[in-house]
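Oh and the sequence shown: position 140 is 140 in my numbering, straight run, nothing missing.
Where is the CB? At the ideal position from N, CA and C, for every residue including glycine.
Computed from a predicted model, the values in this text were never measured in an experiment.
Heads up, the thing below is written out as structure tokens.
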Amino acid sequence: MRVRKLTIDDYDDIIELWDRASLPYKPEGRDSKSSIASEMEANPEFFMGAYEGNKLVGTVIASCDLRKGWINRLAVDPTCRRRGIAKTLITKAERALKKKGAKIICALIEDTNNGSMKLFKKCGYIEKRDVIYFNKRKSDRV
Numbered sequence: 001m002r003v004r005k006l007t008i009d010d011y012d013d014i015i016e017l018w019d020r021a022s023l024p025y026k027p028e029g030r031d032s033k034s035s036i037a038s039e040m041e042a043n044p045e046f047f048m049g050a051y052e053g054n055k056l057v058g059t060v061i062a063s064c065d066l067r068k069g070w071i072n073r074l075a076v077d078p079t080c081r082r083r084g085i086a087k088t089l090i091t092k093a094e095r096a097l098k099k100k101g102a103k104i105i106c107a108l109i110e111d112t113n114n115g116s117m118k119l120f121k122k123c124g125y126i127e128k129r130d131v132i133y134f135n136k137r138k139s140d141r142v
């Protein structure tokens with residue numbers, strides 16, 4: 001397995017992987033090709049893909065507000081799980097976020113995703129149940 005920066009030329013492969021991994025995404029909103037392209041242009045080091053041969057088998061997208069770093073869109077092909085790909089991508093994302101100055105690194109995980117919760121705990125993350133997440137969206141497509 002090798003990890004490299006993703007580019008907008010990888011967009012179709014990214015979406016195909018997210019479909020295989022059953023990762024929900026917003027193709028008409030924040031995950032549209034134009035939105036992803038803008039984010040990649042601003043922070044190319046935050047988009048990483050794991051490859052086996054020429055096949056994209058894992059993704060992670062980091063984001064940072066200079067105070068907190070976030071691990072987003074961590075996905076691994078179901079046929080390639082339990083081989084350390086996600087853990088490697090988390091480590092690479094953490095490095096990129098620390099380089100940007102993030103002192104706290106976080107991940108939002110749906111409460112039904114037990115596999116991801118176990119993985120993040122294994123990577124040293126602490127579950128915080130005293131925080132309730134609120135958001136305000138322009139639309140459900142965003």
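Using alpha carbons as the reference points, say which of the options lies closest to residue i.
{"i": "Leu66", "options": "Lys33, Phe120, Lys55, Ile104", "result": "Ile104"}
{"i": "Pro78", "options": "Ile61, Ala93, Gly69, Val57", "result": "Val57"}
{"i": "Ala102", "options": "Ala62, Pro24, Trp18, Glu39", "result": "Ala62"}
{"i": "Lys128", "options": "Ala107, Arg137, Ala93, Arg81", "result": "Ala107"}
{"i": "Pro24", "options": "Asn72, Lys99, Leu6", "result": "Asn72"}
{"i": "Trp70", "options": "Lys98, Glu28, Gly84", "result": "Lys98"}
{"i": "Ala96", "options": "Asp111, Asn43, Arg2", "result": "Asn43"}
{"i": "Lys33", "options": "Glu52, Asp13, Tyr51, Tyr125", "result": "Asp13"}
{"i": "Met1", "options": "Cys64, Lys100, Ile85, Phe134", "result": "Ile85"}
{"i": "Gly115", "options": "Asp10, Lys100, Asp130, Ala75", "result": "Ala75"}
{"i": "Asn54", "options": "Thr112, Arg82, Asp10", "result": "Asp10"}
{"i": "Leu89", "options": "Ile15, Glu45, Val131, Ser22", "result": "Glu45"}
Could you give the first and the last residue of the continuous beta strand (DSSP E) run that contains residue i?
{"i": "Arg73", "result": "68-76"}
{"i": "Tyr11", "result": "Tyr11 -> not in any beta strand (DSSP E); alpha helix (DSSP H) instead, spanning 11-20."}
{"i": "Gly49", "result": "47-52"}
{"i": "Thr59", "result": "55-64"}
{"i": "Val3", "result": "2-5"}
Give me, in chain order, the residues of the same chain whose beta-carbon lies closer than 7 Å to that of residue i; leave out the 5 immediate sequence neighbours on both sides.
{"i": "Phe47", "result": "Lys5, Leu6, Met40, Ile61"}
{"i": "Arg20", "result": "Asp77, Pro78"}
If I follow the unbroken alpha helix (DSSP H) through residue i, where does it start and stop?
{"i": "Lys121", "result": "114-122"}
{"i": "Lys33", "result": "33-42"}
Can you list, in chain order, the residues of its chain whose CB lies under 6 Å from that of residue i, leaving out five sequence neighbours each side?
{"i": "Ala93", "result": "Val60, Ala62, Ile71"}
{"i": "Glu52", "result": "Met1"}
{"i": "Lys100", "result": "Cys64"}
{"i": "Asn135", "result": "none"}
Keeping to the same chain, check which residues put their C-beta closer than 8 Å to that of residue i; ignore five residues upstream and five downstream.
{"i": "Lys87", "result": "Leu119, Lys122, Cys123"}
{"i": "Gly29", "result": "Ser35, Ser139, Arg141, Val142"}
{"i": "Tyr133", "result": "Leu108"}
Since residue i and residue j are thought to touch, with beta carbons under 8 Å apart, how far apart are those beta carbons, to the nearest angstrom?
{"i": "Ala37", "j": "Ile8", "result": "5 Å"}
{"i": "Ile109", "j": "Met117", "result": "6 Å"}
- Whole alpha helix (DSSP H) elements within the stretch 78-106, 4-residue minimum: Listed in chain order, the complete alpha helix (DSSP H) runs (minimum 4 residues) inside the stretch 78-106 are 85-99.
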